[in-house]
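What follows is a short report on a single structure.
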Amino acid sequence: MIKTAVIGCGGMGNIHADRYISMPEAQLIAVCDIKEEAAEALGRLAGVNYYLSAQEMLEREKPEVVSIAVPTYLHVPLVQLAADYGAHVICEKPLALTSREAEAAVRYCAGRGVRLFVGHVVRFFPSYRQLAEGIKQLGGAGGGIYHAKRAGSHPGQVQEWFRDPALSGGVIIDLMIHDIDYIRAAFGDAVEVYAFEHQTETMDYASATFRFGNGTLAQLEAFWGYPGSFHTSFEYACAEAIISGGTPDGESLHIRRGAASGSATGFVETPSSVLLKDPYYEELEHFLHCLASGAEPMVTAADAAEAVRWAEAAVQSGATGLPVQLNAKGVIR
Ligand SMILES: NC(=O)c1ccc[n+]([C@@H]2O[C@H](COP(=O)([O-])OP(=O)(O)OC[C@H]3O[C@@H](n4cnc5c(N)ncnc54)[C@H](O)[C@@H]3O)[C@@H](O)[C@H]2O)c1
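Residue numbers (my numbering): 79 to 411.
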């Protein structure tokens, strides 16, 4: 069994701890939070030691794997601290607030000989997995049009640090990055991004259009402060078919195939069910399997750093009102 520990006992730390407890291949041995009540509550719930200092926990407990679930501006220093103690790291997304820091974290872990995994959980949602398969099957040689929307109440209502872009990165770096990582995996290298962001005290809305080399356009929307329940939706359309879906994740995807030429029928609807599996469990289990086998994960640390770079480019475009070119190498020009 792999000995795991969690740093940060807030929303995501509780999820990581809960999944480790129920996973046969993992043993949660300790948790840590600078807020005593948060550390104590999760430590007691999980029946493990709790700490107020990450360093003390790493020194005493010597976990093999550490989940980092602290506010985003603290990800990189804590990733580095865990790596210094020889622990493999599973860090919540986004890996860092800037691509420079993200790339430094990837190099740091490689230099210390520890694996770094980043929780881009959308890759593990059943509907998005099915969508990825659909996009692959369609080929999309001539390019397609992708729309995705992700919206919910402002997280700053619950945790104040989300309101400060210097701490959370704002809605593009924090929320849209889910879809940015997803379109990188689905469509490859983008050529350019053009974005718009509107921030007020109570809302942060962004829309970004990524243009890919084969002509595919991906239009992403992310919205904090949406006055309704949290939801996501996506649609991919190309000449051959439309695939659409979204929340709730257990629902069928809708696939409408264009009629073959000469056919008497129009579009054919083929809904297909997906089994609802917990994506956080699947993600952590996948990372632990990769650790045990040495296999590359579905989403690598380099992918996570690149997602930060694309998000950064979208922020830059939103701030300047100009499109930003993305080259394949990883430099914002
Ligand atoms: N994958 C997802 O679906 C998802 C969803 C929400 C948040 N997140 C990400 O997870 C991370 C955490 O978000 P959250 O909503 O759990 O935040 P949160 O504010 O609920 O929890 C963070 C916890 O970290 C603790 N903390 C702060 N500094 C610390 C330190 N030095 N050592 C130990 N603990 C410390 C805080 O006291 C707090 O309890 C963020 O990066 C966020 O973007 C991911």
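No residue lacks a Cβ here, since even glycine has one placed at the ideal position from N, Cα and C.
Query raised in the report: Under a three-way DSSP split, which group does residue 187 fall into?
Result: helix
**Report entry** One or two residues paired with residue 287 in a DSSP bridge
**Finding:** 272, 297
Query raised in the report: Among 299, 136, 194, which one has its Cα closest to the Cα of residue 313?
Result: 299
Query raised in the report: CA-CA distance, residue 205 and residue 283?
Result: 24 Å
Requested in this report: Name the residue from 84, 103, 83 whose alpha carbon lies nearest to the alpha carbon of residue 360.
Outcome: 103
Query - Through-space distance from residue 116 to residue 85, alpha-carbon basis - result: 11 Å
**Report entry** Proximal residues to residue 201 (C-beta, below 6 Å), its chain only, five neighbours per side dropped
**Finding:** 376, 377
Query raised in the report: Out of curiosity, what's the CA-to-CA distance linking residue 387 and residue 178?
Result: Roughly 8 Å between the two C-alpha positions.
Query raised in the report: Does the distance from the C-beta atom of residue 229 to that of residue 257 stay below 8 Å?
Result: no
**Report entry** residue 225 - partner residues in DSSP beta bridges
**Finding:** 297, 313
Query - DSSP three-state assignment for residue 195, whether helix, strand or coil - result: strand
Query - residue 184 versus residue 239: straight-line alpha-carbon distance, rounded - result: 25 Å
Requested in this report: Could you spell out the range, first to last residue, of the alpha helix (DSSP H) harbouring residue 214?
Outcome: 204 to 216
Query raised in the report: Taking the Cβ atom as the reference point for each residue, do residue 412 and residue 141 lie within a distance shorter than 8 Å?
Result: Residue 412 lies beyond the stretch modelled for the chain, which goes from 79 to 411, so this question has no answer here.
Requested in this report: Use the C-beta contact count for residue 170: other C-beta atoms within 10 angstroms, 16 or more gives buried, fewer gives exposed.
Outcome: buried
Query raised in the report: Which residues bound the beta strand (DSSP E) around residue 373?
Result: Per DSSP, residue 373 lies in no beta strand (DSSP E) segment and is marked neither H nor E.
Requested in this report: Using 7 Å as the cut-off, classify the Cβ of residue 87 as near or not near the heavy atoms of ligand 1, replying yes or no.
Outcome: yes
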